[in-house]
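Numbering (mature numbering (1 follows the signal peptide of the UniProt record, and there is no 0)), first residue to last: -18 to -1, 1 to 107.
C-beta: ideal position from N, C-alpha, C; glycine also.
One structure below.
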Amino acid sequence: MSSSFLLLLGFVAAVAIAGPAVPVIIPANQAAAYEFGYEFGDGLGMTQHRREVADGLGNVKGGFGYMDPLGVYRNVEYTAGAEGYKPVIRSNEPGLTSHVSGNAVYYVDLPPPAAIAQGLLKFRV
(Lines of atoms letter the chains of each structure in order from A and count residues from 1; the text may use other names and numbers.)
(Lines give C-alpha, C1' and ligand atoms only; values in the text may rest on other atoms or scores of the structure.)
Protein backbone atom coordinates (compact mmCIF):
# COMPACT_ATOMS: atom_id res chain seq x y z
CA MET A 1 0.00 0.00 0.00
CA SER A 2 1.15 3.49 -0.73
CA SER A 3 1.82 5.99 2.03
CA SER A 4 -0.88 8.33 0.62
CA PHE A 5 -3.49 5.59 0.94
CA LEU A 6 -2.44 4.81 4.51
CA LEU A 7 -2.56 8.49 5.41
CA LEU A 8 -6.07 8.80 3.95
CA LEU A 9 -7.20 5.63 5.74
CA GLY A 10 -5.87 6.98 9.03
CA PHE A 11 -7.70 10.27 8.53
CA VAL A 12 -11.01 8.52 7.76
CA ALA A 13 -10.63 6.30 10.83
CA ALA A 14 -9.88 9.30 13.07
CA VAL A 15 -12.97 11.14 11.83
CA ALA A 16 -15.16 8.04 12.31
CA ILE A 17 -13.92 7.52 15.87
CA ALA A 18 -14.42 11.19 16.78
CA GLY A 19 -18.19 10.73 16.79
CA PRO A 20 -21.09 12.66 15.33
CA ALA A 21 -20.99 16.39 14.75
CA VAL A 22 -22.48 18.45 17.57
CA PRO A 23 -24.78 21.26 16.46
CA VAL A 24 -23.68 24.71 17.56
CA ILE A 25 -26.37 27.22 18.41
CA ILE A 26 -25.36 30.79 17.71
CA PRO A 27 -27.57 33.28 19.53
CA ALA A 28 -29.24 35.99 17.47
CA ASN A 29 -27.75 39.45 17.74
CA GLN A 30 -29.47 41.30 20.52
CA ALA A 31 -30.12 44.99 20.11
CA ALA A 32 -27.99 47.05 22.45
CA ALA A 33 -28.95 50.32 24.09
CA TYR A 34 -26.81 53.24 22.96
CA GLU A 35 -26.75 57.00 22.61
CA PHE A 36 -24.59 59.32 20.53
CA GLY A 37 -24.63 62.75 19.01
CA TYR A 38 -22.56 65.57 17.61
CA GLU A 39 -22.75 69.17 16.42
CA PHE A 40 -20.25 71.08 14.34
CA GLY A 41 -19.88 74.07 12.07
CA ASP A 42 -17.36 75.34 9.58
CA GLY A 43 -17.05 78.83 11.05
CA LEU A 44 -18.58 80.31 7.89
CA GLY A 45 -22.23 79.76 8.77
CA MET A 46 -22.75 76.08 7.96
CA THR A 47 -23.77 73.85 10.87
CA GLN A 48 -24.68 70.16 11.11
CA HIS A 49 -25.97 68.01 13.94
CA ARG A 50 -27.03 64.47 14.71
CA ARG A 51 -28.21 62.56 17.76
CA GLU A 52 -29.65 59.08 18.26
CA VAL A 53 -30.86 56.99 21.20
CA ALA A 54 -31.73 53.27 21.14
CA ASP A 55 -33.51 51.54 24.01
CA GLY A 56 -32.04 48.06 23.47
CA LEU A 57 -35.43 46.65 22.45
CA GLY A 58 -35.20 47.59 18.79
CA ASN A 59 -36.61 51.11 19.12
CA VAL A 60 -34.57 54.10 17.99
CA LYS A 61 -35.27 57.85 18.18
CA GLY A 62 -33.08 60.49 16.68
CA GLY A 63 -32.57 63.46 14.48
CA PHE A 64 -30.13 65.13 12.15
CA GLY A 65 -29.93 68.28 10.14
CA TYR A 66 -28.01 71.21 8.77
CA MET A 67 -28.21 74.94 8.14
CA ASP A 68 -26.26 76.64 5.38
CA PRO A 69 -24.85 80.19 5.44
CA LEU A 70 -27.96 81.56 3.69
CA GLY A 71 -30.24 80.21 6.43
CA VAL A 72 -31.58 77.24 4.45
CA TYR A 73 -32.14 74.33 6.83
CA ARG A 74 -33.38 70.77 7.00
CA ASN A 75 -34.06 69.01 10.29
CA VAL A 76 -35.21 65.41 10.42
CA GLU A 77 -36.63 63.85 13.59
CA TYR A 78 -37.35 60.13 13.37
CA THR A 79 -38.43 57.01 15.19
CA ALA A 80 -37.67 53.50 14.02
CA GLY A 81 -38.89 50.20 15.39
CA ALA A 82 -41.44 47.48 14.80
CA GLU A 83 -43.66 49.90 12.86
CA GLY A 84 -40.85 51.00 10.55
CA TYR A 85 -38.95 54.22 9.99
CA LYS A 86 -41.05 57.35 10.54
CA PRO A 87 -39.35 60.66 9.76
CA VAL A 88 -40.70 64.17 10.24
CA ILE A 89 -38.83 66.65 8.06
CA ARG A 90 -38.84 70.38 8.78
CA SER A 91 -37.22 72.55 6.14
CA ASN A 92 -37.22 75.85 4.31
CA GLU A 93 -35.45 74.57 1.20
CA PRO A 94 -36.57 76.30 -1.99
CA GLY A 95 -38.83 74.08 -4.08
CA LEU A 96 -40.18 71.93 -1.25
CA THR A 97 -43.82 71.86 -0.15
CA SER A 98 -45.51 70.54 2.96
CA HIS A 99 -46.86 67.04 2.27
CA VAL A 100 -46.93 63.41 3.39
CA SER A 101 -45.09 60.75 1.42
CA GLY A 102 -45.34 57.21 2.79
CA ASN A 103 -44.28 57.42 6.44
CA ALA A 104 -42.51 60.77 5.91
CA VAL A 105 -44.18 64.03 6.91
CA TYR A 106 -42.80 67.30 5.50
CA TYR A 107 -43.37 70.68 7.16
CA VAL A 108 -41.96 73.42 4.95
CA ASP A 109 -41.47 77.12 5.75
CA LEU A 110 -40.73 79.88 3.24
CA PRO A 111 -37.10 80.00 2.11
CA PRO A 112 -34.95 82.81 3.47
CA PRO A 113 -34.71 85.88 1.18
CA ALA A 114 -31.01 85.27 0.48
CA ALA A 115 -31.77 81.78 -0.87
CA ILE A 116 -34.54 83.14 -3.10
CA ALA A 117 -32.24 85.88 -4.41
CA GLN A 118 -29.50 83.35 -5.11
CA GLY A 119 -31.98 81.24 -7.09
CA LEU A 120 -33.09 84.26 -9.13
CA LEU A 121 -29.48 85.03 -10.08
CA LYS A 122 -29.38 81.76 -12.04
CA PHE A 123 -32.00 83.11 -14.45
CA ARG A 124 -30.29 86.44 -15.24
CA VAL A 125 -29.01 86.85 -18.76
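Item: Quick one: grab the DSSP three-state call for Ala97.; Value: helix
Item: Grab the span of the beta strand (DSSP E) containing Ala13 for me, first residue to last.; Value: Here Ala13 belongs to no beta strand (DSSP E), and DSSP marks it neither H nor E.
Item: Among the candidates Lys43, Tyr55, His81, whose CA atom is the shortest distance from the CA of Phe18?; Value: Lys43
Item: Taking the straight line between their C-alpha atoms, what separation do you get for Pro5 and Asn11?; Value: 18 Å
Item: Shortest alpha-carbon distance to Gly38 belongs to which of Met28, Pro69, Ala62?; Value: Ala62
Item: Check whether the Cβ atoms of Ala13 and Gly40 lie closer than 7 Å to each other.; Value: yes
Item: For the beta strand (DSSP E) containing Ala86, list its first residue and its last residue.; Value: 86 to 90
Item: Tell me which same chain residues have a C-beta within less than 8 Å of the C-beta of Thr79, skipping the five on either side of it?; Value: Tyr88, Val90
Item: Once you ignore the five residues that flank Arg56 on each side, which residues in its own chain have a CB closer than 7 Å to its CB?; Value: Gly47, Tyr48, Ile71, Ser73, Glu75
Item: Please name the residue in Leu(-12), Ala86, Glu34, Gln30 whose C-alpha comes closest to that of Tyr67.; Value: Ala86
Item: Does the distance from the C-beta atom of Gly27 to that of Pro51 stay below 7 Å?; Value: yes
Item: Among Pro94, Pro95, Pro69, which has the Cα closest to the Cα of Ser83?; Value: Pro69
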